[in-house]
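**Q** Pasting a structure below so you can have a look.
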Amino acid sequence: MANTPLMPKATAVWLVDNTALSFTQIATFCKLHPLEVKAIADGEAAQGIKGLDPILTGQLTREEVEKAQNDPKYQLKLQGSKVVVPESKRKGPRYTPVSRRQDRPNAILWLVRNHPEMKDAQIMRLVGTTKPTIAAIRDRTHWNSANLTPSDPVTLGLCSQLELDMEVEKAAKNAPQPVAGEPVETLMPVEDSTSEDAIAAAFSLDASQPVRREEEEEIDADAVFAKLNSLKGDDDADADAAEAASEAEVSGEEEAK
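Counting from 3, one number per residue, gives the positions in the sequence shown under my numbering.
Have a look at this one:
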């Protein structure tokens with residue numbers, strides 16, 4: 003409908019009454035059938051409809067009309083609107099077509115994994131879901147968690163790349179900044195990991211033999227056995243003392259009798 007004039011029948015009525023255009027030219031411009039335009043000219047159709055001037059409404063120019071009147075094969079061209087009407091903002095959750103609703107859990111899982119800084123309200127705006135569904139997918143308590151596959155919502159057609167980029171940028175601004183002085187873990191630079199010293203150190207390690215610690219001491223077998231013998235001697239002395247004490251107790255009982 004972008005190339006159709008406003009009020010096509012009223013425009014056709016005006017063109018029939020005020021121009022020498024052919025029925026085909028008027029029908030092509032107003033997106034009507036030539037026989038319907040002929041019926042308008044004969045007074046059999048569009049009775050009581052007041053004609054709408056397309057020149058006054060800015061849909062045609064006088065030069066365009068004159069050019070078409072001089073050339074019966076020329077087709078009128080609709081003039082673009084000079085007024086830009088801003089798009090009204092949506093209110094409420096995003097509408098998702100029925101054919102795409104089964105893909106929403108996969109898109110939510112993708113957003114939760116790849117953009118954990120994004121709030122639930124942002125995910126709801128992107129894919130048109132609810133907070134309980136997002137919480138269930140985060141906690142892996144969704145009824146279909148075992149079959150979910152992370153999928154980009156842009157690829158699934160649930161949102162545009164511009165909308166996703168805007169939400170990611172907004173989430174990054176609201177994300178907490180790292181504390182000053184706190185060490186940030188990063189990967190080793192490529193120059194350090196691919197240097198000759200690093201490569202030589204990596205290939206010099208023998209994986210078949212365990213790495214020996216520097217603080218590990220040599221085991222002295224004689225010292226170990228000497229310690230075991232001393233422990234054994236202490237145990238024997240304790241046993242002899244216990245036996246002597248028991249014999250003395252028995253002899254004391256016999257004397258008392």
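All residues carry an ideal CB built from backbone N, CA and C; glycine is no exception.
#1: Looking at C-alpha atoms only, which residue of R142, I125, E46, E65 is the closest neighbour of E165?
#2: Since D122 and I136 should fall inside the 8 angstroms C-beta cutoff, what is the C-beta to C-beta distance between them, to a whole number of angstroms?
#3: Going straight from the alpha carbon of A48 to that of K79, what length do you get?
#4: So what does DSSP say about K121, is it helix, strand or coil?
#5: Specify whether the region 104 to 121 and the region 153 to 171 touch according to this definition: at least 3 beta carbon pairs, one from each stretch, less than 8 angstroms apart.
#6: For E216, I'd like the list of residues in its chain whose CB is within less than 8 angstroms of its CB, leaving aside the five on either flank, ordered along the chain.
#7: Please report how far the alpha carbon of T132 lies from the alpha carbon of A148, in whole angstroms.
#8: If we count the other Cβ atoms within 10 Å of its Cβ and call it buried at 16 or more, is R103 buried or exposed?
#9: If you draw a straight line from the C-alpha of V15 to the C-alpha of N72, how long is it?
#10: CA-CA distance, K172 and Q163?
#11: Mind checking whether E169 and M120 have CB atoms under 8 angstroms apart?
#12: When the distance is taken between beta carbons, is P7 closer than 8 angstroms to Q61?
#13: If you run the structure through DSSP and keep just helix, strand and coil, what is E46?
#14: Using a Cβ-Cβ cut-off of 6 angstroms (strictly less than) and excluding sequence neighbours within five positions of S24, which residues of its own chain qualify?
#15: Which same chain residues, not among the five before or five after T63, have their C-beta less than 8 angstroms away from its C-beta?
#16: Which residues in the same chain have their Cβ closer than 7 angstroms to the Cβ of L37, if we skip the five residues on either side of it in sequence?
#17: Taking only three categories from DSSP, how would you classify E218?
#18: Distance, Cα to Cα, T13 vs E68?
#19: Per DSSP, what kind of secondary structure is P134 in: helix, strand or coil?
#20: Is the beta carbon of D19 less than 8 angstroms from the beta carbon of G50?
#21: In the structure shown, what three-state DSSP assignment does C161 receive?
#22: Nearest-angstrom Cα distance between A22 and I28?
#23: Exposed or buried, T26, counting other C-beta atoms within 10 Å across all chains shown (16 or more means buried)?
#24: With burial defined as no fewer than 16 other Cβ atoms inside 10 Å of the residue's Cβ, what is the status of R106: buried or exposed?
#25: Cα separation between L160 and T143?
#26: According to the neighbour-count rule (16 or more other Cβ atoms, all chains shown, within 10 Å of its Cβ), is E218 buried or exposed?
**A** On the basis of the coordinates in this document:
#1: I125
#2: Going by Cβ atoms, the distance from D122 to I136 rounds to 5 angstroms, so yes, they are a contact pair.
#3: 23 angstroms
#4: coil
#5: yes
#6: Confidence at E216 is low in this model, with a pLDDT of 48, below 50, so its placement is unreliable and the value that follows should be read with caution. So no residue of the chain qualifies.
#7: Cα to Cα, T132 sits roughly 20 angstroms from A148.
#8: exposed
#9: Going from the Cα of V15 to the Cα of N72 covers about 20 angstroms.
#10: One C-alpha to the other measures close to 14 angstroms.
#11: At a Cβ-Cβ threshold of 8 angstroms, E169 and M120 count as neighbours.
#12: yes
#13: coil
#14: P74
#15: In chain order, I57, Q81 place their CB closer than 8 angstroms to the CB of T63, counting only its own chain and leaving out the 5 sequence neighbours on each side.
#16: Sequence-distant Cβ neighbours of L37 in its own chain, meaning closer than 7 angstroms and more than five residues away, do not exist here.
#17: Any reading at E218 is ruled out, since the residue's pLDDT is 47, under 50, leaving its predicted position unreliable.
#18: Computed Cα separation, rounded: 16 angstroms.
#19: Helix, per DSSP.
#20: At least 8 angstroms separates the beta-carbon of D19 from that of G50.
#21: The three-state secondary structure of C161, taken from DSSP, is coil.
#22: Their backbone Cα atoms lie some 10 angstroms apart in a straight line.
#23: exposed
#24: By the neighbour-count rule (16 or more Cβ atoms within 10 Å), R106 is buried.
#25: 23 angstroms
#26: Summary for E218: the model assigns pLDDT 47, below 50, so the residue's position carries little reliability, and this model does not support an answer.
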